[in-house]
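Every position in the sequence shown, counted from 1, becomes a number in our numbering once 10 is added. Yeah, the Cβ is synthetic: ideal placement off N, Cα and C, and Gly gets one too. Here's the structure, in structure tokens; my notes come after.
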Amino acid sequence: MIYVDNNATTPMAVEVAEALSQAYQSAFLNPASQHQAGQKARRRLDDTRESILNLVGGEITRFASDRLVFTSGGTEANNLALFGLGGDMPGQVVISAVEHPSIREAAEHLVKQGQSIEVLPVDSAGVVQIDALRQALAQPTRLVSVMLGNNETGVLQPIAEIAQICRENGVPLHVDAVQAVGKIPVNFRELGASAMTITPHKFHGPRGIGALVLDDRVKLNPAMFGGAQQLAMRPGTESVELAIGFEVALRLAVESQAEAEPRMRELRDRLEMMLRELLGPETITINGLDAPRLPHTSNVSFSGIDRQALVMALDMAAVACSTGSACASGSSEPSPTLLASGADPSIISSSIRLSLSRFTTQAEVDEVASRILNCINRLRRS
11 MIYVDNNATT PMAVEVAEAL SQAYQSAFLN PASQHQAGQK ARRRLDDTRE
61 SILNLVGGEI TRFASDRLVF TSGGTEANNL ALFGLGGDMP GQVVISAVEH
111 PSIREAAEHL VKQGQSIEVL PVDSAGVVQI DALRQALAQP TRLVSVMLGN
161 NETGVLQPIA EIAQICRENG VPLHVDAVQA VGKIPVNFRE LGASAMTITP
211 HKFHGPRGIG ALVLDDRVKL NPAMFGGAQQ LAMRPGTESV ELAIGFEVAL
261 RLAVESQAEA EPRMRELRDR LEMMLRELLG PETITINGLD APRLPHTSNV
311 SFSGIDRQAL VMALDMAAVA CSTGSACASG SSEPSPTLLA SGADPSIISS
361 SIRLSLSRFT TQAEVDEVAS RILNCINRLR RS
């Protein structure tokens, strides 16, 4: 099998698996316990948390440093941000039309609770319309949430500009950076956001853990209760072992980024070029091509081909890819991202997502292009 569904999850790096094995063998106990064994676990957890913050550009040198709240993954971190940030402030919550389901559906739940949600439109490439944000912030707003890199198309949002507008209006900004961290340089302080979601299983780390990075000035109301862990912002016994795996995966991703980012971009561009050459440029649409994109993500539409049929055919041909977010797997609904960008229905119904990793090889990319060609030819003959 050739795996090109790395936006869903990534295979664990060998170094991470080894670090996890060693951590579990160390038999770390509850880091909230007062005995020496518990305090040993606490020190390791605190060191790991500080290292993760440092690797994503958080401020760790001041007395009032940025904070990192461990969660069970990106979905919980996004929910925690949407429900907990600016919770005591009156006003609407503003999200973009191309957010991940863990933001979009959390916002729908807020509507059911009687809260007001404003959805920012995007242009044809899937980029948030800045003028619409300025207009939205004319109304009382408690939170803005916009993703950094889209999970379906890889399109990047102008977060620095959005953050500046939010600061001018005194509104906290949450950024879902799940697909971007580990793939492109991401510096929390330079982004200017109030909060940022990350999770290591998108960069060859363990599943079951994520984090919400918080500016030292922002207040977070908890979504769960029953413990004082993590300043009671997210109670529950922390997994020292998963945190260690998180840190190792992030450190490896950051250290390899200077080489891995251009290489992934080159392989993605090669894959798109080969598909055009093999199938004819007039039969293919690269969604988001006219906007800055993450280096590893390609969303491609094939004229006259049903996306579900193609994904199943590719699965039979030992190519693992998807039609969109893994959180919507099994859903036959059209892509919310492409719908929001105003794409033609024929484009939406024939789009698949191909996502690479730093371990993807040129030989794999070439073989994927060949297998896509074979599958499409068979589907067109049937």
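Taking the alpha carbon of residue i as the point to measure from, which residue in the options has its own alpha carbon closest?
i, options, result
"G192", "N16, R388, E251", "N16"
"C385", "D354, D316, T371", "D316"
"F235", "A328, P245, R227", "P245"
"R52", "Q174, E86, A37, S332", "A37"
"H211", "S204, G220, A205", "G220"
"V7", "L143, S356, T20", "Residue 7 lies beyond the residue range present for the chain, which begins at 11 and ends at 392; the question has no answer from this structure."
"N89", "A327, A205, I12", "A205"
"N179", "P195, A270, V154, D186", "V154"
"G67", "V14, T333, I208, A328", "I208"
If you run the structure through DSSP and keep just helix, strand and coil, what is residue i?
i, result
"S332", "strand"
"V310", "strand"
"M322", "helix"
"H184", "strand"
"V154", "strand"
"R72", "coil"
"I208", "strand"
"R244", "coil"
"V375", "helix"
"T85", "helix"
"I64", "It is worth fixing the name first, because residue 64 is Asn in this sequence and not Ile. N64 falls in the helix class under three-state DSSP."
"L39", "coil"
"P21", "coil"
"V138", "strand"
"V26", "helix"
"I219", "coil"
"V121", "helix"
"L147", "coil"
"L304", "coil"
Just list the residues that DSSP pairs residue i with in beta bridges.
i, result
"R77", "L224"
"E128", "V104"
"D15", "S365"
"N161", "According to DSSP, N161 bridges with nothing at all."
"I296", "V310"
"L281", "Answer is none; L281 lacks a bridge partner."
"I194", "V191"
Spatial neighbours of residue i within its chain, please: C-beta separation below 7 Å, excluding the five flanking residues on both sides.
i, result
"L389", "I315, A319, L320, A323"
"R177", "G202"
"G218", "S82, G83, L252"
"E25", "V258, L262"
"I113", "N88, L92, I105, S155, D186"
"T347", "V108, G136, N160, E162, T163"
"R144", "I175"
Can you list, in chain order, the residues of its chain whose CB lies under 8 Å from that of residue i, leaving out five sequence neighbours each side?
i, result
"M274", "K193, P305, H306, L366, S367, R368, T370"
"Q102", "Q125, S126, I127, E128, A146, Q149, P150, T151, R152"
For residue i, which residues of its own chain have a beta-carbon under 6 Å away from its beta-carbon, when the five flanking residues on both sides are left out?
i, result
"P344", "I358"
"S339", "Confidence at S339 is low in this model, with a pLDDT of 48, below 50, so the placement of that residue is unreliable and no value is reported for it."
"D376", "none"
Any beta carbon of chain E sitting closer than 8 Å to that of residue i?
i, result
"D225", "Of the chains in the structure shown, none is chain E; there is only one protein chain."
Any heavy atom of the ligand PLP within a distance shorter than 7 Å of the CB on residue i?
i, result
"F213", "For the structure depicted, the ligand PLP is absent and the ligand set is empty, with no information on it obtainable."
Pairs of beta-carbons, one from the stretch 246–264 and one from the stretch 272–286, closer than 8 Å: are there three or more?
no
Give a yes or no on contact between the stretch 225–233 and the stretch 32–51, applying the rule of three or more CB pairs nearer than 8 Å.
no
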